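Numbering (our numbering), first residue to last: 53 to 170.
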């Protein structure tokens, strides 16, 4: 079992930045591939970014490329999502995910709300 707790969401104006954090527990963090997903009102949950167990490999959704950066600190059991140049369409609940697999993940956090005002 892996437990995930997100933080860092909030209200920000368009063009602003936020950094999301997710602390994992329950298993050695360096053995877990991590990622972020988001779900906007009335839409399905979608992939945002992922990072390999070592941190050397990352992947991004097209909507996140060039604006978002995923990183991890294995000493702190934490994965981050730095979000810059935020747009109103980035408004969503952001979920931390562990053990990513086709179509989703093995474990999910409860989510943190990000609201971008225009």
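Just so you know, even glycine gets a beta-carbon here, dropped at the ideal spot from N, CA and C. The model shown is predicted, which means the values in this text are computed figures rather than measured ones.
Let me check understanding here. Comparing Cα to Cα, which of the options lies closest to residue i?
i	options	result
residue 61	72, 138 and 97	72
residue 58	85, 83, 69 and 89	89
residue 126	146, 135, 167 and 86	86
residue 110	141, 129 and 133	133
residue 78	129, 136 and 138	129
residue 141	148, 112 and 169	169
Whole angstroms is fine: what's the gap from residue i's alpha carbon to residue j's?
i	j	result
residue 81	residue 63	30 angstroms
residue 107	residue 150	13 angstroms
residue 70	residue 114	19 angstroms
residue 93	residue 158	23 angstroms
residue 131	residue 96	23 angstroms
residue 153	residue 65	33 angstroms
According to DSSP, is residue i part of a helix, a strand, or is it coil?
i	result
residue 170	coil
residue 59	strand
residue 82	helix
residue 97	coil
Please check the pair residue i and residue j, which I expect to be a contact at CB under 8 angstroms, by giving their CB distance rounded to whole angstroms.
i	j	result
residue 54	residue 103	About 15 angstroms separates the two Cβ atoms, so there is no contact after all.
residue 145	residue 91	5 angstroms
Fill in: Contained beta strand (DSSP E) runs [length at least 3] in the region 103-159, N- to C-terminal order
Complete beta strand (DSSP E) runs here, min 3: 110-112, 120-125, 130-135 and 144-153.
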